[in-house]
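Visitor: Numbering follows our numbering, in which position 209 of the sequence shown is assigned residue number 209; successive positions increment by one, without gaps. By construction, the Cβ of each residue, glycine as well, lies at the ideal position given by its N, Cα and C atoms. Before I ask anything, let me first share the structure, which is written out below as structure tokens.
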Amino acid sequence: MFFFFLSLPVQIEMMKKVVIVGSGAGGATVARELASFFDVMIIERGARVEGKDAFKCYANVPSAVKIMRAFCLGGTTVVSVGNGVRFHDEIAGIRLDYENVERDIGVHPLPDSLMGEGTRMIAESASDMGFDVERMPKFIAASKCIQDGRCAFGCSTSAKWTALNFVEHAEKCGASVITETVVEEIVVRGGEVKGVVARPSHSTNAKFIEADAVVLAAGALETPLLLQKAGLPASPDSLFTDTFITVGGVIPERTKKDARINFSREIPMGIFIQFENFILSPHFARDLPNALRRNGINARNSEVLGIMVKIKDEEKGVIRNGSVEKGVSAHDAEILAEGASIAGAILVNAGVLPGSLVSTSPRGAHPGGTAKIGVAVDRNLETEASGLFVADASLLPEAPGAPPILTIVALAKHAADVLKELC
Ligand SMILES: Cc1cc2nc3c(=O)[nH]c(=O)nc-3n(C[C@H](O)[C@H](O)[C@H](O)COP(=O)(O)OP(=O)(O)OC[C@H]3O[C@@H](n4cnc5c(N)ncnc54)[C@H](O)[C@@H]3O)c2cc1C
Numbered sequence: 001m002f003f004f005f006l007s008l009p010v011q012i013e014m015m016k017k018v019v020i021v022g023s024g025a026g027g028a029t030v031a032r033e034l035a036s037f038f039d040v041m042i043i044e045r046g047a048r049v050e051g052k053d054a055f056k057c058y059a060n061v062p063s064a065v066k067i068m069r070a071f072c073l074g075g076t077t078v079v080s081v082g083n084g085v086r087f088h089d090e091i092a093g094i095r096l097d098y099e100n101v102e103r104d105i106g107v108h109p110l111p112d113s114l115m116g117e118g119t120r121m122i123a124e125s126a127s128d129m130g131f132d133v134e135r136m137p138k139f140i141a142a143s144k145c146i147q148d149g150r151c152a153f154g155c156s157t158s159a160k161w162t163a164l165n166f167v168e169h170a171e172k173c174g175a176s177v178i179t180e181t182v183v184e185e186i187v188v189r190g191g192e193v194k195g196v197v198a199r200p201s202h203s204t205n206a207k208f209i210e211a212d213a214v215v216l217a218a219g220a221l222e223t224p225l226l227l228q229k230a231g232l233p234a235s236p237d238s239l240f241t242d243t244f245i246t247v248g249g250v251i252p253e254r255t256k257k258d259a260r261i262n263f264s265r266e267i268p269m270g271i272f273i274q275f276e277n278f279i280l281s282p283h284f285a286r287d288l289p290n291a292l293r294r295n296g297i298n299a300r301n302s303e304v305l306g307i308m309v310k311i312k313d314e315e316k317g318v319i320r321n322g323s324v325e326k327g328v329s330a331h332d333a334e335i336l337a338e339g340a341s342i343a344g345a346i347l348v349n350a351g352v353l354p355g356s357l358v359s360t361s362p363r364g365a366h367p368g369g370t371a372k373i374g375v376a377v378d379r380n381l382e383t384e385a386s387g388l389f390v391a392d393a394s395l396l397p398e399a400p401g402a403p404p405i406l407t408i409v410a411l412a413k414h415a416a417d418v419l420k421e422l423c
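Below is the structure:
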């Protein structure tokens, strides 16, 4: 007994400190996995916000393809639309344990109760034309979902899983969370990571925070910059974004099979059709009514049907001195055009007025590929600097052309497993 009391403080003192930079899909996962074993500190540049306010955290990046992301606790997952898709069984020899990830996040195919009438019409039209329509696996709890179509703005009822769930789990296990603080530098000396330099967003005073290990999970646009600043390799000139457009048009009242259709309030992307280089999925983009208006068509949101064309784009984007250049290559344009023509045909077959079809400008919501395995990190996801790991979308080898959260979480779990073994 006496012995136990004597040794307890010593054990606490010896707990290794892991600093995690960023709290999105990757960072929150590592925090959750390690919080019971290490002294974990999450440093996040964004604020802690309520689910319903997530849209205020968008920190989109302008370029020919507008790149979407969010800065807040939980990262870009707070504005996700809840799609949980597998796409690689393994990456660079790392087996991805999707079953575990799906159980932790709660992934299920979209149930009938959450399938809107507009989505059903698109599904029927596509099946009618011979396409193979699949239910989208979702991490949305049907019992809590109020079906207001605002997934990408933030969920007001916590029906949708976000990385905030993992952050809160980590906090319960003892992790500390510092928000509204930017990590400006990773400190590496003698080939080993020593900590980070971080600055509260509203201060000019940066301070050094010592760590035994650092996990970089600041997202694909920030992580390569921090690596390069530390003199470490990255792949900032192979950025992809899963570029997408949304094709849509007007469905006249008389064509509606069901007067309750209110597509803009449905759960987005409830089904999908997989092609070799792209997917099609029902999507109401807020830009569709604007695009229609520019063509002289005034349509209410409830009269619009749309389909997203999301492609595996070429990894030709470049991050340089903090600015991003990402365009649509000739190859990307060809795939977008092919997808758009099929999407248009499905919409017209569903009853959309052919003369009303419009498209939104290209955007990208899945930036990745900027700190690849084999370039920036080894198969342990460790950089050349011992103790410095990467665990975010930067690691992805190529554009998935599909939602990447499950894969990022699986890779982050791998990083956490390695850290548990090494330390
Ligand atoms: C509208 C939208 C809908 C989406 N829907 C889906 C979907 O349904 N399913 C899916 O699989 N994917 C979806 N995605 C993509 C998915 O959200 C991202 O791919 C994923 O969150 C990326 O994870 P990450 O860990 O790399 O980065 P993020 O989740 O973006 O996290 C990075 C974190 O690092 C923080 N950070 C950045 N720089 C610093 C710094 N210097 N210091 C401290 N903190 C820093 C950021 O604030 C952020 O919190 C969607 C994306 C968007 C934009």
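Here's a check: name, in chain order, each residue in its chain whose Cβ is nearer than 6 Å to the Cβ of lysine 144, leaving out the five neighbours to either side.
Guide: Taken in chain order, the residues that qualify are Thr157 and Ala159.
Visitor: Just checking, does the stretch 206–226 make contact with the stretch 18–25 on the three C-beta pairs under 8 Å criterion?
Guide: They touch, by the three-pair rule.
Visitor: Mind checking which residues open and close the alpha helix (DSSP H) that includes alanine 330?
Guide: 330–350 is the extent of the alpha helix (DSSP H) around alanine 330.
Visitor: Compute the minimum distance between the beta carbon of phenylalanine 240 and the heavy atoms of ligand 1, and state whether it is under 7 Å.
Guide: Phenylalanine 240 Cβ: outside cutoff for every heavy atom of ligand 1.
Visitor: For lysine 316 and aspartate 97, I'd like the C-alpha separation in whole angstroms.
Guide: Rounded to whole angstroms, lysine 316 to aspartate 97 spans 29 Å at the Cα level.
Visitor: Assign alanine 399 to buried or exposed, taking buried as 16 or more other Cβ atoms, counted over all protein chains shown, within 10 Å of its Cβ.
Guide: Label assigned to alanine 399: buried.
Visitor: Counting along the chain, where does the alpha helix (DSSP H) carrying lysine 316 start and finish?
Guide: Counting along the chain, lysine 316 falls outside any alpha helix (DSSP H), and DSSP gives it neither H nor E.
Visitor: Express the C-alpha separation of isoleucine 408 and leucine 114 in angstroms, rounding to a whole number.
Guide: Roughly 26 Å between the two C-alpha positions.
Visitor: Less than 7 Å between the CB of isoleucine 405 and some heavy atom of ligand 1, yes or no?
Guide: Yes; taking the cut-off as 7 Å, the Cβ of isoleucine 405 has a heavy atom of ligand 1 nearer than that.
Visitor: Just checking my contact of histidine 169 with proline 137 at CB under 8 Å: how many whole Å lie between their CB atoms?
Guide: The Cβ separation is near 22 Å, so there is no contact.
Visitor: Quick one: Cα of glycine 190 to Cα of leucine 419, how far?
Guide: Looking at the two C-alpha atoms, the distance is approximately 20 Å.
Visitor: Over the uninterrupted alpha helix (DSSP H) stretch that includes methionine 121, give me the two end residues.
Guide: First-last of the alpha helix (DSSP H) with methionine 121: 117–128.
Visitor: Please report how far the alpha carbon of asparagine 205 lies from the alpha carbon of alanine 47, in whole angstroms.
Guide: Rounded to the nearest angstrom, the two C-alpha atoms are 18 Å apart.
Visitor: Which residues does DSSP pair with serine 235 in a beta bridge?
Guide: According to DSSP, which records beta bridges pairwise, serine 235 is partnered with nothing at all.
Visitor: Does the Cβ of serine 63 lie closer than 7 Å to at least one heavy atom of ligand 2?
Guide: What this structure holds is ligand 1, not ligand 2.
Visitor: What is the rounded straight-line gap between the Cα of phenylalanine 38 and the Cα of threonine 179?
Guide: About 20 Å.
Visitor: At what residues does the alpha helix (DSSP H) containing leucine 164 begin and finish?
Guide: Where leucine 164 is concerned, the enclosing alpha helix (DSSP H) stretches over 163–172.
Visitor: Over the uninterrupted beta strand (DSSP E) stretch that includes glutamate 134, give me the two end residues.
Guide: That run of the beta strand (DSSP E) goes 133–135.
Visitor: Is the closest heavy atom of ligand 1 to the C-beta of cysteine 155 under 7 Å?
Guide: Every heavy atom of ligand 1 is 7 Å or more from the Cβ of cysteine 155, so no.
Visitor: Less than 7 Å between C-beta atoms, sequence neighbours within five positions excluded: which residues of the same chain meet that for alanine 299?
Guide: Closer than 7 Å at the Cβ level, and outside the excluded window around alanine 299, lie Val250, Pro289 and Leu292.
Visitor: Since glutamate 33 contacts alanine 337 with CB under 8 Å, what's their CB separation in whole angstroms?
Guide: Wrong, their Cβ atoms sit about 43 Å apart, outside the cutoff.
Visitor: Compute every distance between the C-beta of alanine 128 and the non-hydrogen atoms of ligand 1, then say whether any falls below 7 Å.
Guide: In the sequence on display, residue 128 carries aspartate and not alanine. No, Cβ of aspartate 128 sits at least 7 Å from all heavy atoms of ligand 1.
Visitor: Please state the DSSP three-state secondary structure of lysine 310.
Guide: In this structure, lysine 310 counts as strand in the three-state DSSP scheme.
Visitor: Distance check for valine 40 and valine 18, CA to CA, integer angstroms please.
Guide: Between valine 18 and valine 40, the C-alpha separation is close to 5 Å.
Visitor: With a threshold of 16 other CB atoms inside 10 Å of the CB of histidine 366, please say whether the residue is buried or exposed.
Guide: Histidine 366 comes out buried.
Visitor: So, for glutamate 384: in the same chain, excluding its five sequence neighbours on each side, which residues have a beta-carbon less than 6 Å away from its beta-carbon?
Guide: Counting only Cβ-Cβ distances below 6 Å, and skipping sequence neighbours, we find Leu232.
Visitor: Using the Cβ count rule (16 or more neighbours within 10 Å means buried), how would you classify leucine 422?
Guide: Exposed, by the Cβ-count rule.
Visitor: Using 8 Å for Cβ pairs, my map puts serine 329 next to glycine 368. What's the rounded Cβ distance?
Guide: Not really, about 16 Å apart at Cβ, beyond 8 Å.
Visitor: Kindly examine ligand 1 and report whether one of its heavy atoms sits closer than 7 Å to the Cβ of methionine 41.
Guide: The answer is no for methionine 41.
Visitor: Name the residue from Leu396, Glu117, Phe389 and Glu185 whose alpha carbon lies nearest to the alpha carbon of isoleucine 209.
Guide: Ranking the options by Cα distance to isoleucine 209, first place goes to Glu185.
Visitor: Less than 6 Å between C-beta atoms, sequence neighbours within five positions excluded: which residues of the same chain meet that for valine 79?
Guide: Excluding sequence neighbours, valine 79 sits near Ala54, Ala70 and Ala152.
Visitor: Between which residues of its own chain and glycine 106 is the CB-CB distance below 8 Å, once the five residues before and five after are set aside?
Guide: Around glycine 106: Phe139, Ala141 and Trp161.
Visitor: Any idea what DSSP makes of isoleucine 94, helix, strand or coil?
Guide: Looking at isoleucine 94 - three-state DSSP - the assignment turns out to be strand.
Visitor: In chain order, what residues of the same chain have a beta carbon less than 6 Å from the beta carbon of arginine 45, not counting five sequence neighbours either side?
Guide: The answer, listed in chain order, is Phe71 and Val182.
Visitor: Tell me whether glutamine 147 sits in a helix, a strand or coil according to DSSP, three-state version.
Guide: Coil, per DSSP.
Visitor: Do three or more CB pairs link the stretch 340–358 to the stretch 302–309 at distances below 8 Å?
Guide: Yes: at least three Cβ pairs fall under 8 Å.
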